[in-house]
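Colleague: If you scroll down you'll find the structure; I have some questions about it.
In the numbering used here, the protein residues as written are 88 to 318.
Quick look at the structure:
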């Protein structure tokens, strides 16, 4: 039984590590590739909004532990400076992917908000369950096996919810298809690379399970909310 539970935990951890490593590797390559047009990531996002007739989204530069996302409630696109002002394909991919979420309205907005809830759960609940399990083991002396079952079941459920809502991220990329095809029709190699980067960006938050301890202790605890603007 313990072996099965450890396998479940390792599978959840492995899926998270794969997503994070794929995102970081793609971004590292994207940083080295200068964009074919003289637009920064932020400017490309604004060009996309203009192309789609979107006039109510504000682009906000934000440096923090949690950033680079679209806030549908406030209609704001938060980007760190390296993506807002960068003229490399990494900046384009991150800015455009998040801009694509601005088109998710109506029923798609409800799905997007559920996706955002799954992301928050992935960031904070894994660490919280481990802390609770340790506290129960030390203070109440609950046997290890039921605690391990609870932690493994929670991690498996969290990862299933995260991976199960990835279609919402892919949908954001689909909204970009015509815009990217039009702008990069003369640059097929850049078009191919931006597609690869967008796929990596879309699975970024699956890696948040690994980042959960850092996110939990530096953004979820009381007094730490100034590190993020709201997601």
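C-beta atoms are modelled at their ideal positions from N, C-alpha and C, and glycine is treated no differently.
Report the rounded CA-to-CA distance for residue 285 versus residue 232, giving the unit in angstroms.
Modeller: Those two C-alpha atoms are separated by around 41 Å.
Colleague: Buried or exposed, going by whether 16 or more other CB atoms sit within 10 Å of the CB of residue 290?
Modeller: So residue 290 ends up on the buried side.
Colleague: Candidates 177, 236, 304: which alpha carbon is nearest residue 132's?
Modeller: Comparing Cα positions, the closest option is 177.
Colleague: In chain order, what are the residue ranges of uninterrupted beta strand (DSSP E) at least 3 long that sit wholly in the region 92 to 179?
Modeller: If we require 3 residues or more, the beta strand (DSSP E) runs fully inside the region 92 to 179 come out as 145 to 148, 156 to 158, 163 to 166.
Colleague: Take the Cβ of residue 103 as the centre, count every other Cβ of all protein chains shown within 10 Å, and call the residue buried at 16 or more, exposed below.
Modeller: Burial call: buried.
Colleague: How should residue 191 be labelled, buried or exposed, when 16 other C-beta atoms within 10 angstroms of its C-beta is the threshold for buried?
Modeller: Buried, since its Cβ has 16 or more Cβ neighbours within 10 Å.
Colleague: Can you give me the C-alpha to C-alpha distance between residue 107 and residue 225, rounded to a whole angstrom?
Modeller: Their backbone Cα atoms lie some 33 Å apart in a straight line.
Colleague: Run through the region 229 to 284 for me and flag every whole beta strand (DSSP E) of 3 or more residues, listed as ranges in chain order.
Modeller: As far as the region 229 to 284 is concerned, it has no whole beta strand (DSSP E) run of at least 3 residues.
Colleague: Buried or exposed: where does residue 213 fall if 16 or more other Cβ atoms within 10 Å of its Cβ makes it buried?
Modeller: Residue 213 comes out buried.
Colleague: So residue 217 is in the alpha helix (DSSP H); what residue range does that whole segment cover?
Modeller: It spans 194 to 222 - the alpha helix (DSSP H) in which residue 217 sits, taken as one unbroken run.
Colleague: Alpha carbon to alpha carbon, what distance is there between residue 293 and residue 236?
Modeller: Roughly 22 Å separates the two Cα atoms.
Colleague: So, helix, strand or coil for residue 89, using DSSP?
Modeller: Looking at residue 89 - three-state DSSP - the assignment turns out to be helix.
Colleague: Report yes if the CB atom of residue 145 is closer than 8 Å to the CB atom of residue 162, and no otherwise.
Modeller: Contact: yes.
Colleague: Residue 269: buried (16+ other C-beta within 10 angstroms of its C-beta) or exposed?
Modeller: Exposed, since its Cβ has fewer than 16 Cβ neighbours within 10 Å.
Colleague: Is the separation between the beta-carbon of residue 246 and that of residue 296 shorter than 8 Å?
Modeller: It is a contact, given that the beta carbons lie within the stated cut-off.
Colleague: Using a threshold of 8 Å, state whether the C-beta atoms of residue 189 and residue 141 are closer than that.
Modeller: Yes, Cβ-Cβ distance for residue 189 and residue 141 is below 8 Å.
Colleague: Is the separation between the beta-carbon of residue 281 and that of residue 179 shorter than 8 Å?
Modeller: Yes, the pair counts as a contact, with Cβ atoms nearer than the cut-off.
Colleague: When you compare only the Cα positions, how much space is there between residue 171 and residue 92?
Modeller: Rounded to whole angstroms, residue 171 to residue 92 spans 43 Å at the Cα level.
Colleague: What would DSSP say about residue 290, mapped onto helix, strand or coil?
Modeller: Coil at residue 290, not helix or strand.
Colleague: Candidates 153, 164, 251, 273: which alpha carbon is nearest residue 301's?
Modeller: For residue 301, the nearest C-alpha among the options comes from 153.
Colleague: Excluding the 5 residues flanking residue 257 on each side, which residues of the same chain have their C-beta closer than 7 Å to its C-beta?
Modeller: Only 289 meet the Cβ criterion.
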